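>
In the numbering used here, the protein residues as written are 13 to 540.
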C-alpha cells in the first residue's frame, strides 16, 4: 500500500488543508516501510529520535565557550555590511555601532532570543508531510547549492533546470527524505535573476513536501513569500512557517547585505531562518575545535538575535557548517574527526540556547560515488544523527566538496538515510521485542529460522537496503557483476520513469503560473 499523496482542492486562501483518500497506512505497513526504506513515493514521517544524544563538552567546557563568545560579541563585534536599517535596529536595541561594526552588551543577544521558539512545525502543502523542527525530531533534506551535476551517463557538467526538477522528483519519491530542500543544484541554463522562480515553482508543484526559499537577493526572498501566499493563503503564511531559508554568515564575523536583506524579508513574514556560519576551520575560523565553536556561537547569537529584532517570535535555527582544510593544499576535507567534534559541541550549545539545530549531512570531497565518498559521508552522517541534529541539509547527493549534485550518490545516500531512520528508533522493549516466547520455543542448540516469532517478524525485522547486494558471488556474477553505483544509477532511472506528480489545486496552479509569468516578463534576462 502506498501513502495517498492527493491534496484537497480547496481555495488558495484556506487554512491548513485536510487529507482525502485512503488515509494513513497501517502501523504494520509503516514499520515494513521503515525496515525496507519503503518504495518510491512511500514517505516515512520525520524522525522522532529514541536514542540519546552524544555529548562531548562538560558543563565547564560549555561555560568556557559561552564566556569566550560573549567576549567576542562585546570586544571584537560582528559586521552587518551595507544595510543601514539593520545597523539602526541594533542601535535602537542598545548595541554599540561604529561604522558597520556592531558590539553587543553582555546578554543582549540571549535576551532577544528568548522570544524565539524552541521548536515549530514547517507546514507542507500535504499536511501529512509537514515536519517538526526542534526537540527530538530529525528532518533529512537534500544537497544544496552545487553548480555541477554528475549525470546518469557519467558526465560531470553544469546543472540545468531539468536536473533541478529531477532531483526534486527523486526527493519527493524517496521514503527517507522528509523535505524537498532548496537549491538542489544551480540551473545555470536559466537567467540568474529568474531562476529562483522556476526553482520555487518546481518545489511547489513537483513535490508536496516542505521546501526552502531563495536567499540570493531580498526581492527573490519576497517572491518566495508571495508564491507561498498563493499556495497556502496569506493569513496562513503570516501565522505559520511554510518555508525555511538558509542565512549564511560570511565567516569570520560578517553578515553581508544579501543575507541580512533576505533574513529581514523572511523574519518579517514569520518564516524560518537558519543562521549558519560557513566554516572551513583554519581559513575562516581558528584551527582548534574550541576556537571554532566559540566563533560559531558568537556569529549565531548575533544573526539569530537579529531575526528577533525584526519580528519577535519568528522561527530561527542555530546552524553550523564546519569542515577542516588540508593544511598542505587548502582544500576542504570531510569525514574527519574535528568537524564531528564541532557538530557535537554546537548541538549542545544550541540546546542550551533553546534553538533548533542544523548541521551535517552526507559530505565528501570525493569526485565520484566511490569508497572515499562512502566512508566520509558515513562518518559525517552518523555524528550528525547522534549529535541530535534537527535539520540535516546535504543529506543526499553531495559530491566534490559541494560542487556536484550526483544522481547515483543521491540514491546511495537515501538508502543510508533509511538506515539512520531505523537506528533512531532505538531498541524495541515491547513484549514482541523481548522475544521471550521465541527463546522458550527454540531452547538450547536449535535455530530460530522456523520458530513462530521469526515467521511473524521476518518481513519487518531488519532494514533491507535498496542498493546493497547481499546475494552469493555466483548470483551477483550472473546478474552482471554490478557495483553499487551502477545499481544506484539504474534505480534512479527507474524512479524517474515511474514519477507521478502529486495533485495540486488547479486554481492554485494557475495563480502560481500567472505570478511567475508576470515576474519574468517584468525584467530582462540577466546571467550575472
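C-beta: ideal position from N, C-alpha, C; glycine also. Keep in mind it's a predicted model, so treat the numbers as computed, not measured.
If you check the beta carbons only, do residue 194 and residue 156 fall under 7 Å apart?
If you number the chain shown from 1, residue 194 lands on position 182. If you number the chain shown from 1, residue 156 lands on position 144. Yes. Within cutoff.
> Please go through the same chain and pick out, in chain order, the residues whose beta-carbon is closer than 8 Å to the beta-carbon of residue 149, but skip the five residues on each side of it.
Translated into the one-based positions of the chain shown, residue 149 becomes position 137. Excluding positions up to five away in sequence, the list reads 58, 59, 60, 61, 131, 143, 402.
> How big is the Cα-Cα spacing for residue 433 and residue 188?
Stepping through the chain shown from its first residue, residue 433 is reached at position 421. Stepping through the chain shown from its first residue, residue 188 is reached at position 176. Cα to Cα, residue 433 sits roughly 7 Å from residue 188.
> Which of the three DSSP states is assigned to residue 38 in this structure?
Counting from 1 along the chain shown, the entry for residue 38 is found at position 26. At residue 38 the pLDDT is 40, less than 50, meaning the model places this residue with poor confidence; the figure from the coordinates comes in the next sentence. Residue 38 falls in the coil class under three-state DSSP.
> Return the CA-CA distance between residue 211 and residue 526, expressed in angstroms with no decimal places.
Here the question's residue 211 lines up with position 199 in the chain shown. Here the question's residue 526 lines up with position 514 in the chain shown. So the two alpha carbons sit approximately 15 Å from each other.
> So the candidates are 261, 344, 280, 116; which of them puts its Cα closest to the Cα of residue 288?
Indexing the chain shown from 1 puts residue 288 at position 276. The shortest Cα separation from residue 288 among 261, 344, 280, 116 belongs to 261.
> How big is the Cα-Cα spacing for residue 393 and residue 370?
For this step, residue 393 is matched to residue 381 along the chain shown. For this step, residue 370 is matched to residue 358 along the chain shown. Their Cα atoms are separated by approximately 12 Å.
> Comparing C-alpha positions only, which one of 395, 244, 323, 477 sits nearest to residue 129?
Translated into positions along the chain shown, residue 129 becomes position 117. With distances taken between Cα atoms, residue 129 lies closest to 323.
> Return the CA-CA distance between residue 122 and residue 502, expressed in angstroms with no decimal places.
Reading the chain shown from its first residue, position 110 is the one you call residue 122. Reading the chain shown from its first residue, position 490 is the one you call residue 502. Cα to Cα, the separation comes out at about 50 Å.
> What is the rounded straight-line gap between the Cα of residue 523 and the Cα of residue 277?
Residue 523 sits at position 511 when you count from the first residue of the chain shown. Residue 277 sits at position 265 when you count from the first residue of the chain shown. The alpha-carbon atoms of residue 523 and residue 277 are separated by roughly 22 Å.
> Using only alpha-carbon positions, find the residue among 79, 140, 303, 184 that is nearest to residue 426.
Mapped onto the chain shown, residue 426 falls at position 414. Checking every option, the nearest Cα to that of residue 426 belongs to 184.
> With contact counted as at least three CB pairs below 8 Å, one residue from each stretch, are the stretch 513–521 and the stretch 217–228 in contact?
Touching, yes, given that three or more Cβ pairs across the two stretches are closer than 8 Å.
> Go through its chain and collect everything with a Cβ distance to residue 175's Cβ below 6 Å, but skip five positions before and after it.
By one-based count along the chain shown, residue 175 stands at place 163. Correct list, in chain order: 161, 197.
> Taking the alpha carbon of residue 314 as the point to measure from, which residue in 55, 68, 81 has its own alpha carbon closest?
Residue numbering aside, residue 314 sits at position 302 when the chain shown is read from its first letter. Among 55, 68, 81, the Cα nearest to that of residue 314 is on 81.
> Mind checking residue 540: buried by the 16 CB within 10 Å criterion, or exposed?
To locate residue 540, count along the chain shown from 1; it is residue 528. It is exposed - the Cβ of residue 540 has fewer than 16 other Cβ atoms within 10 Å.
> One question on the structure: do residue 114 and residue 356 come within less than 7 Å of each other, judged by their Cβ atoms?
Locating residue 114 in the chain shown gives position 102, counting from the first residue. Locating residue 356 in the chain shown gives position 344, counting from the first residue. Not a contact, by the Cβ cut-off of 7 Å.
> What distance in whole Å lies between the Cβ atoms of residue 270 and residue 255, which are believed to be in contact at a cut-off of 8 Å?
Looking up residue 255 in the chain shown gives position 243. Looking up residue 270 in the chain shown gives position 258. So it is not a contact: roughly 17 Å between Cβ atoms.
> Have a look at residue 104 and residue 238 and give me their C-alpha separation to the nearest angstrom.
Working through the chain shown from its first residue, we reach residue 104 at position 92. Working through the chain shown from its first residue, we reach residue 238 at position 226. Taking the straight line from one Cα to the other gives about 29 Å.
> Can you round the beta-carbon distance between residue 243 and residue 137 to whole angstroms, since I take them to be within the 8 Å contact cut?
Here residue 243 refers to the residue found at position 231 when the chain shown is read from its first residue. Here residue 137 refers to the residue found at position 125 when the chain shown is read from its first residue. Contact flag correct, Cβ pair sits at about 6 Å.
> Using a Cβ-Cβ cutoff of less than 8 Å, which residues in the same chain neighbour residue 291 once the five nearest sequence positions on both sides are dropped?
The count along the chain shown starts at 1 and reaches residue 291 at position 279. 263, 297, 304, 307, 308, 332, 333, 334, 335, 354, listed in sequence order.
> Name the DSSP bridge partner or partners of residue 558?
Since the first residue shown for the chain is 13 and the last is 540, residue 558 is missing from the structure and cannot be characterised.
> Buried or exposed: residue 468, going by 16 or more other Cβ atoms within 10 Å of its Cβ?
Within the chain shown, numbered from 1, the residue matching residue 468 stands at position 456. Classification for residue 468: exposed.
> Taking a contact to mean a Cβ-Cβ separation below 7 Å, would you say residue 409 touches residue 417 in this structure?
Looking up residue 409 in the chain shown gives position 397. Looking up residue 417 in the chain shown gives position 405. It is a contact, given that the beta carbons lie within the stated cut-off.
> What does the alpha-carbon distance come out to for the pair residue 134 and residue 491?
Here residue 134 is taken as the residue at index 122 of the chain shown, counted from 1. Here residue 491 is taken as the residue at index 479 of the chain shown, counted from 1. Computed Cα separation, rounded: 44 Å.
> Does the distance from the C-beta atom of residue 203 to that of residue 274 stay below 7 Å?
Residue mapping note: residue 203 aligns to position 191 of the chain shown, counting from 1. Residue mapping note: residue 274 aligns to position 262 of the chain shown, counting from 1. No, they are not a contact pair.
> So residue 413 packs on residue 344, CB below 8 Å; how close in whole Å?
Here residue 413 is taken as the residue at index 401 of the chain shown, counted from 1. Here residue 344 is taken as the residue at index 332 of the chain shown, counted from 1. Yes, they are in contact, since the Cβ atoms of residue 413 and residue 344 sit about 5 Å apart, within 8 Å.
> What three-state label does DSSP hand residue 33 in the structure shown?
Counting from 1 along the chain shown, the entry for residue 33 is found at position 21. In this prediction, residue 33 scores a pLDDT of 32, lower than 50, which makes its location untrustworthy; the coordinate-derived value is nonetheless stated afterwards. In the structure shown, residue 33 sits in coil (DSSP, three-state: anything other than H, G, I, E or B).
> Since residue 346 and residue 377 should fall inside the 8 Å C-beta cutoff, what is the C-beta to C-beta distance between them, to a whole number of angstroms?
As a working mapping, residue 346 is identified with position 334 in the chain shown. As a working mapping, residue 377 is identified with position 365 in the chain shown. So it is a contact: roughly 5 Å between Cβ atoms.
> Considering only the alpha carbon of each residue, which of 390, 339, 266 lies closest to residue 88?
Working through the chain shown from its first residue, we reach residue 88 at position 76. Taking only the C-alpha atoms, the option nearest residue 88 is 266.
> Quick one: Cα of residue 65 to Cα of residue 154, how far?
Mapped onto the chain shown, residue 65 falls at position 53. Mapped onto the chain shown, residue 154 falls at position 142. About 23 Å.
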